[in-house]
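If you use numbering that gives the first Met the number 0, the sequence shown closes out at 172, no skipped numbers anywhere.
Okay, so here's the structure we're looking at.
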Amino acid sequence: MRKQIIMTAVLVMGLSTAGMAKANMQKNPEGMKKLASMAGEMSPYYRAKKEVFPKDYFLVSQNLPFLVGTALFHPNSDTLNLSKEQLAKLAEMKKTIVPVSAKLAKEVKSMELELAKAVVDERKDPQTQKALVEKIAEVKEKMTMAHLDCIHTVQNLLSKEQFETLLKLASHK
Numbered sequence: 000m001r002k003q004i005i006m007t008a009v010l011v012m013g014l015s016t017a018g019m020a021k022a023n024m025q026k027n028p029e030g031m032k033k034l035a036s037m038a039g040e041m042s043p044y045y046r047a048k049k050e051v052f053p054k055d056y057f058l059v060s061q062n063l064p065f066l067v068g069t070a071l072f073h074p075n076s077d078t079l080n081l082s083k084e085q086l087a088k089l090a091e092m093k094k095t096i097v098p099v100s101a102k103l104a105k106e107v108k109s110m111e112l113e114l115a116k117a118v119v120d121e122r123k124d125p126q127t128q129k130a131l132v133e134k135i136a137e138v139k140e141k142m143t144m145a146h147l148d149c150i151h152t153v154q155n156l157l158s159k160e161q162f163e164t165l166l167k168l169a170s171h172k
């Protein structure tokens with residue numbers, strides 16, 4: 000009986016806390032459709048069930064946080080207690096960074112599909128694809144350096160406490 004009461008109390012607290020959480024911004028469905036359209040079809044050789052475009056096309060795509068999106072759209076992003084100025088700066092960063100990243104990601108994806116076609120379908124010698132591989136690496140490096148600059152900008156925009164909270168929100172732990 001005591002276990003049931005404790006479990007009920009924990010469940011009620013969890014649900015009431017979740018109900019109070021609020022994202023700083025809502026995602027624009029039209030923007031999401033535009034990104035999906037820009038991404039195009041997924042390669043038949045793609046390793047995951049779902050492609051995350053444009054994030055999957057960075058050189059370091061899995062081990063760096065994407066902080067602007069987390070600060071704006073995470074369900075608990077209101078816990079950052081952003082000032083109006085901070086929120087405006089992050090919203091402006093989203094408007095400028097995402098389109099550039101998406102354009103470069105589309106370019107990388109196109110080159111990767113071209114590479115797959117050449118090596119898998121057309122059975123070309125891999126050595127003949129060196130220039131294409133180097134171009135893919137160059138664009139991915141450019142995207143990743145921009146990502147690092149973005150992380151640095153967010154670090155400087157937020158207080159130390161806000162940034163620590165943001166990292167917790169961005170982490171899967």
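Backbone N, C-alpha and C define an ideal beta-carbon position, used for all residues, glycine too.
A quick note: this is a predicted structure, and the numbers were derived from the prediction, not measured.
task: Measuring alpha carbon to alpha carbon, tell me which of THR143, VAL107 and ALA70 ends up nearest SER170.
output: ALA70
- prompt: Does the beta-carbon distance from LEU89 to LEU114 come in below 7 Å?
  reply: no
query: Among LYS93, LYS116, GLN61 and LYS102, which one has its Cα closest to the Cα of CYS149?
result: LYS93
query: Along the chain, which unbroken stretches of the alpha helix (DSSP H) at least 4 residues long are found entirely within the region 31-78?
result: 66-72
message: Buried or exposed, going by whether 16 or more other CB atoms sit within 10 Å of the CB of LYS108?
response: buried
query: Of all the options ASN23, TYR56, MET31 and PRO28, which has the alpha carbon lying nearest to the alpha carbon of GLU140?
result: TYR56
- request: Check the C-beta distance from VAL138 over to LEU103 and give it rounded, since I have them as a contact under 8 Å.
  value: 6 Å
task: Excluding the 5 residues preceding and the 5 following MET37 in the sequence, name in chain order all residues of the same chain whose CB lies nearer than 6 Å to its CB.
output: ALA101 and LYS105
query: Along the chain, where does the alpha helix (DSSP H) that runs through ASN155 open and close?
result: 129-156
VAL153 versus LEU66 - alpha carbon distance: 7 Å
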